[in-house]
Amino acid sequence: MMPMFDKDARARSFTPGEEVLLQLPIPGSALQARYTGPYVVQEKVNEQDYIVATPDRKRRSRFSHINMLKPYLDRGIVSHSPVREESREDLLLSSPGPIDVLSMAKELSSADPAVIQAASVDAAEEVIAVPTQTNVLQYDIDVGESPAIK
459 MMPMFDKDAR ARSFTPGEEV LLQLPIPGSA LQARYTGPYV VQEKVNEQDY
509 IVATPDRKRR SRFSHINMLK PYLDRGIVSH SPVREESRED LLLSSPGPID
559 VLSMAKELSS ADPAVIQAAS VDAAEEVIAV PTQTNVLQYD IDVGESPAIK
């Protein structure tokens with residue numbers, strides 16, 4: 459039976475000076491615990507037990523089993539640049555330009571490319587290659603007397 463239960467087990471080991479997260483009880487709730495830290499491993503007592511420095515807790519160091527520890531992975535420095543809020547006009551201006559009508563006209567053999575080009579110049583503001591937001595169109599959906607479905 460043991461090989462079946464131990465098939466996902468991984469051998470772990472920490473060295474003194476390594477940062478770890480330590481599973482400690484939540485203050486005020488002795489039956490709940492969470493990983494806190496990072497804390498520094500001070501000493502390896504044996505294969506499964508470690509002494510971990512906890513300077514921000516009441517006990518300055520704790521004797522902990524390896525099952526109560528997990529390695530601390532530093533995320534590194536992440537920069538954040540503020541994003542300016544765009545208005546609706548900015549969205550329309552930053553969208554791709556008008557569709558290249560002449561390349562589409564080649565696919566439409568019966569249509570006159572000059573007519574399509576003239577129509578696209580007239581509607582250049584509304585016709586774009588990739589659909590985005592528009593302020594030209596509004597719609598309202600009337601569901602009548604139907605009740606809401608929850």
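Residue numbers for the sequence shown follow our numbering, so the first one is 459 and each next one is one higher.
For each residue, glycine too, the CB sits at the ideal point set by N, CA and C.
- Under the three-pair Cβ rule at 8 Å, the stretch 492 to 504 counts as touching the stretch 518 to 534.
- As a beta-bridge residue in DSSP terms, residue 479 pairs with 528.
- When secondary structure is reduced to three states using DSSP, residue 498 falls in the strand class.
- Between residue 524 and residue 471, the C-beta gap is smaller than 9 Å, which places the two residues in contact.
- DSSP, read as helix, strand or coil, puts residue 510 in strand.
- Rounded to whole angstroms, residue 495 and residue 506 show a C-alpha spacing of 19 Å.
- Secondary structure of residue 572 (DSSP, three-state): helix.
- Cα atoms of residue 510 and residue 473: separation of roughly 11 Å, rounded to the nearest angstrom.
- For residue 521, the enclosing beta strand (DSSP E) starts and ends at 519 to 523.
- Per DSSP, the unbroken alpha helix (DSSP H) holding residue 463 starts and ends at 460 to 463.
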